[in-house]
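Input: a single structure, listed below in structure tokens.
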Amino acid sequence: MQGGTQMRNYLPKEKVAVFPDVRALITNCGKFGEKTVYKYLVNKDEVKELSYKAFSDNIINTATALYGLNLKDKKIALLSESRPEWLQAYLATLCAKAVIVPLDKELMPEQIIGFLKMAECSALFISPDYKTKLGELLAEAELDYIFDLEQSNYTPYEGSYEDFATKKELNFYELCAYGQHLLSVGYMGIYNLSYDQDAMASILFTSGTTGTSKGVMLSHKNLLVTAAQCANNTPFDGNDVFLSVLPMHHTYETTIDLAILHLGATICINNSIKYVLRNLKRFKPTGFVLVPLFVQTIHKRIQDEIKKKGKQGTFDKALKLTKGLRKVKIDLRRALFTEVIASLGGRLKTIICGGAALDPELVKSFQDMGVNIYQGYGITECSPLVSVDLYTRPKTGSVGPAIPCCEVTIIDDNGKQCEVGEIGEIAVKGDNVMLGYYKNEAATEAAFTDDGYFLTGDFGKLDEDGYIYITGRKKNLIILSNGKNVYPEEIEEYLMRLDTVKECAVIARKNNLDEAVVTAIILPEQSVLDLGDENAIQEKIKEGVLAVNNQLPSFKQIRNVEIRRNEFEKTSSQKIKRFML
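Mapping of the sequence shown onto numbering that gives the first Met the number 0: residues 0 to 580, in sequence order.
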């Protein structure tokens, strides 16, 4: 591994071990007893709780039922909004030695049916809203079983359990009851299973920001190792409370949730992106996982509120004071920014950010206010965790060193290892790397080097301590006619610092000589759009672009600006679909 190995000396102390199999993880959850694993909303405002014991029992019972229905080794899909039953269905499927296929709830009905067919699914866990969304199309998937996740739809099964398997549609809680019945009569199904750690556990269809999707096959080892590494390499313990904001099918959210189960902490389910700030105040979390766009949005709302209340001067003075005090080891950040901390629920200390590069200035800004941000880096094909900035020795701008279960190297265009500080493609080898792409040998072969490193498609570099720095996606790279490389993500960071820009994407447009032109597509903030006059809007945006260009070398400067009125099309993890621009 490049950059030396001395970083191992300041890795965080190991808090949890890797479980030998998913059944052991679930059994361990039961040991937390009546401690709360989930807090969630019903009827918009009523908060309900689920204990670790009930959570563990539900999973074991459901897994027993799935095994009793002969679904071992079959593919079972999962389509739902975030809810307590989601992770229970996920883990029950793995415990029954079936393969889980989590689906993106934002997909079009035809895409969902296509993925169900592609993965050859035999059953589907689904919530009522998405069953309605699919309508008559669902019949085309030719499923053996459909499992309704909604508890309010549950009525106790009164027939003979001998006929239970003949029912095509069942409720999740019917499965729980059936599994409990099987266990009560001495059926030991899942307790007689042995689990192959290298066997396929999950198929995840990539989000398709470039217009294509592949089925990523992850093993039991992949999932268990990265969950344990996530628990060990983040500053959390069993006393923490998390707000679950990302969709549960998103691999970052799944991994942090599994890590939380290792620690015995509590997960609070956010019921809508619109209500994140409201739910921060309701649940008062100590931490959560976000993608950069959410961090940017929260930061802008904080700044807007400060300006709205006419407190910019007071805020700037407090900022200057806290920076000075920290130089002499006095930390009064949370005392000086009580109003900001209160707007985030009052207890928020840590944000883990992943999914794309985050502007270092945003990290510093939150840190100055008393909230630490640690960046993680990963990709679905790596389960998804590759690195996390060490809370024991963070470096602003870095996504940290590789987690201990893997090695990272940087490869140039000729397939050779780059020197320290040299930019190339990030490549990963280790227990977190996927088995391959489902039924796509050509894509699998193309994704790996001859010596077994997975090519991430991300550009980056390593420093002398082995810390990783992301520069951008390979597919987003703009190559100018003079051969110079422009990383759009770098320019987007500058644009997003402007108070006139709500969203943006930097891409290449071709001129009449077929040359790439650096082009910024910008969605202005509402305050700019409210100017009404088209010329006034353009002047305001161009003023900001000029300020950005003054900070960039000539070849990186924005040459063309396109203004849009509607938000960009995004994946469910809030990445802009660049192929649609």
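Positions of the beta carbon are idealized from the N, C-alpha and C atoms, including for glycine.
Everything numeric in this text was worked out from a predicted model, so none of it was measured.
What whole-angstrom Cβ distance do residue i and residue j have, given they're in contact under 8 Å?
i	j	result
glycine 375	arginine 333	About 24 Å separates the two Cβ atoms, so there is no contact after all.
tyrosine 144	alanine 118	Their Cβ separation, rounded to whole angstroms, is 15 Å, which puts tyrosine 144 and alanine 118 out of contact at 8 Å.
threonine 254	leucine 384	6 Å
glutamate 502	glutamate 566	6 Å
leucine 324	leucine 331	6 Å
phenylalanine 163	tyrosine 156	7 Å
arginine 563	leucine 522	5 Å
cysteine 405	asparagine 371	Not quite, the Cβ-Cβ distance comes to about 24 Å (not below 8 Å), so this is no contact.
leucine 434	alanine 504	Not really, about 33 Å apart at Cβ, beyond 8 Å.
leucine 192	lysine 96	5 Å
valine 46	isoleucine 75	No, valine 46 and isoleucine 75 are not in contact; Cβ-Cβ is about 30 Å, not under 8 Å.
What does DSSP give as the partner residue(s) for residue i in the beta ladder?
i	result
leucine 169	Phe146
alanine 200	According to DSSP, which records beta bridges pairwise, alanine 200 is partnered with nothing at all.
methionine 216	Ile202 and Gly435
phenylalanine 447	Phe453
lysine 509	Ala515
leucine 242	Cys267 and Phe287
valine 123	Sequence inspection shows leucine at residue 123; the valine mentioned does not correspond to that position. Leucine 123 is bridged to Ala76 and Ile145.
lysine 460	Tyr468
isoleucine 521	Cys503 and Ile562
cysteine 405	Gly429
glycine 376	The amino acid occupying residue 376 in the given sequence is tyrosine; glycine does not appear at that position. In the DSSP output, where bridge partners are listed per residue, tyrosine 376 has Ser386.
isoleucine 477	Val485
isoleucine 410	Gln416 and Glu424
proline 155	Proline 155 is not bridged to any residue.
proline 400	Tyr466
Going by DSSP in three states, residue i sits in which element: helix, strand or coil?
i	result
serine 386	strand
leucine 472	According to the sequence provided, residue 472 is arginine. The question's leucine does not apply to it. Reduced to three states, the DSSP call for arginine 472 is strand.
glycine 557	Residue 557 is actually isoleucine in this sequence, not glycine. Of the three classes helix, strand and coil, the one that applies to isoleucine 557 here is coil, per DSSP.
glycine 188	helix
glycine 543	helix
glutamine 573	coil
alanine 355	coil
lysine 96	coil
leucine 347	coil
glutamate 139	helix
glutamate 418	coil
alanine 504	strand
alanine 426	strand
glutamine 550	coil
asparagine 484	strand
asparagine 371	strand
isoleucine 112	helix
proline 101	strand
proline 234	coil
proline 83	helix
glycine 3	For glycine 3, the pLDDT reaches just 37, beneath the cut-off of 50, and the residue's location in the model is therefore unreliable, leaving the point undetermined.
methionine 579	helix
phenylalanine 365	helix
alanine 258	helix
Tell me which residues share the same chain as residue i and place their Cβ nearer than 8 Å to its Cβ, disregarding the 5 neighbours each side in the sequence.
i	result
lysine 397	Checking the sequence, you will find serine at residue 397 rather than lysine. Contacts found: Gln374, Asp388, Asp462, Tyr466, Ile467 and Tyr468.
asparagine 439	Lys213 and Gly214
arginine 558	Val516, Val517 and Thr518
aspartate 236	Lys14, Leu262 and Ala264
threonine 209	Below a pLDDT of 50, predicted positions are generally treated as unreliable, and threonine 209, at 49, falls in that range; the measurement from the model is reported next regardless. Here the set comprises Lys474, Arg577 and Phe578.
valine 275	Leu242, Val244, Asn269, Phe293 and Ile297
glutamate 304	Ser342
serine 159	none
lysine 363	Thr395
phenylalanine 458	Ile422, Gly423, Glu424, Ile425, Ile469, Thr470, Gly471, Arg472, Lys473, Leu476 and Tyr486
glutamine 87	Phe54, Asn57, Ile58, Thr61 and Phe171
Got a sec? Which residues, its chain only, sit under 6 Å from residue i by beta carbon, not counting five neighbours each side?
i	result
leucine 174	Thr61 and Ala64
valine 17	Leu223, Val224 and Ala227
aspartate 195	none
glutamine 556	Asn548
leucine 335	Ala317 and Thr321
aspartate 358	Glu492
Could you pull out every residue in the same chain whose Cβ sits closer than 7 Å to the Cβ of residue i, ignoring the five residues on either side in sequence?
i	result
tyrosine 129	Leu78, Ser79 and Lys104
glutamine 550	Tyr493
isoleucine 259	Phe241 and Ile266
lysine 483	Phe554
glutamate 149	Ser126 and Pro127
leucine 90	Val21, Ile25 and Ile58
glycine 3	Caution applies to glycine 3, whose pLDDT of 37 falls short of 50 and renders its modelled position unreliable; the model cannot decide the point.
Sorry if obvious, but does the Cβ on residue i come closer than 7 Å to a heavy atom of the ligand ADP?
i	result
histidine 180	Because no ligand of any kind appears in the structure shown, any question about the ligand ADP cannot be addressed here.
Fill in: 3-residue-minimum beta strand (DSSP E) runs that sit fully inside the region 9-79, ordered along the chain
35-41, 45-50 and 74-78
Discussion item. Could you tell me which whole beta strand (DSSP E) segments of length 3 or greater appear in the region 273-339?
Written reply: 286-289
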